[in-house]
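Input: a single structure, listed below in structure tokens.
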Amino acid sequence: MNRLFKFLPHPDYAMKFSFSVVYAILASVAVNFFYEPGKIYSSGITGIAQIISTLSEAWFDVYLPVSLALLLLNVPLFLVGWFKIGHKFTIFTGITVLLTSLFMQIMPTEVLTTDPIICAIFGGAVMGAGIGYALKNGLSSGGLDFVSIAIRKKTGKTIGSISIIFNFFILLAAGMLFGWQYALYSALAIFVSGKVTDAVFTKQKKMQVTIITQHPDQVIHAIQNSLRRGITIIHEAEGAFRHDKQTVLLTVVTRFELPILRQAMREADEKAFVSIADNVQILGRFYEEEL
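Oh and the sequence shown: position 50 is 50 in the UniProt record's numbering, straight run, nothing missing.
The following block contains the structure:
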């Protein structure tokens with residue numbers, strides 16, 4: 001992908017636009033191929049847009065497309081993104097929302113199956129993959145993602161878990177308005193979507209790395225040349241078997257950065273002992289790239 005856009009005047013912008021297109025296609029497939037035929041309500045603003053679309057037709061006999069409702073609902077939430085997250089992030093999210101609304105409108109509703117369980121599982125997986133892919137590449141699907149990201153920056157909770165909490169209220173609304181069976185099937189879709197989002201969006205998963213090495217300077221130099229991460233040094237550690245002197249290095253990386261760390265360790269000290277603890281919670285300062 002980098003090679004494809006590097007000759008353009010603004011290659012990063014071109015790449016982000018391509019990521020927006022990919023998300024828009026995935027979200028449209030999830031809604032038009034699975035959610036709509038199975039009467040499944042999506043997570044976030046998309047789910048609210050579906051509820052409004054259904055109510056407008058049932059109560060007022062006026063058909064409001066989900067795509068238009070999605071676009072209108074996102075407008076006030078852009079203010080949250082603009083002031084709390086980042087300007088460039090918000091602008092590209094706006095482009096993503098516009099493309100998503102466009103694709104939802106022009107892509108025909110294809111009935112692959114009306115089985116609500118199949119629609120919930122596959123629709124949730126496709127939607128979660130789209131949301132995770134967008135976030136992984138510095139974009140957002142808009143809507144409650146703005147609020148979720150702002151809360152994650154304050155609390156350290158994962159995007160998927162925050163979204164599940166928000167979406168509980170969407171399920172209540174869907175259940176009270178259209179029947180509790182739709183709420184239960186939608187809950188399955190939202191759960192699958194949240195888990196797939198967390199699986200794809202690996203930048204939010206933090207891992208504690210303990211390195212025991214006899215060449216600390218080389219390891220520190222290799223890691224800090226590759227990653228923007230602090231390292232704590234513990235001198236004069238001793239091996240219990242041979243009683244040889246070692247140095248212990250402690251750092252925290254994201255799962256997204258793990259392949260870079262592995263490459264740095266191969267270059268610096270292949271014989272070092274490296275222990276990695278998954279899903280640690282950070283209370284102090286931890287650098288994250290601006291979105």
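Backbone N, C-alpha and C fix where the C-beta goes; we use that ideal spot for every residue, glycine too.
Fewer than three beta-carbon pairs drawn from the region 71-81 and the region 122-134 are found closer than 8 Å, and the two stretches are therefore not classed as touching. Between the alpha carbons of Glu110 and Ile25 lies a gap of roughly 14 Å. Going by beta carbons, Met127 and Ala27 fall inside the 8 Å limit.
Taking Lys206 as reference, the option from Ala277, Phe60, Asp115, Ala222 with the minimal CA-CA separation is Ala277.
For Phe241, the secondary structure class from DSSP, reduced to helix, strand or coil, is coil. At the C-beta level, Val196 and Ala129 come within 8 Å of one another. Boundaries for Thr100: no beta strand (DSSP E) harbours it, while the alpha helix (DSSP H) harbouring it runs 87-106, taken from the DSSP string. The continuous alpha helix (DSSP H) containing Ser53 extends over residues 44-60.
Residue environment analysis places Gln50 among the buried positions, since at least 16 neighbouring C-beta atoms fall within 10 angstroms of its C-beta. For a cut-off of 8 Å, the C-beta gap from Lys16 to Gly132 is around 16 Å, too long to register as a contact.
Between the alpha carbons of Ile162 and Leu68 lies a gap of roughly 26 Å.
Per DSSP, Phe273 is one residue of the beta strand (DSSP E) stretching across 273-277.
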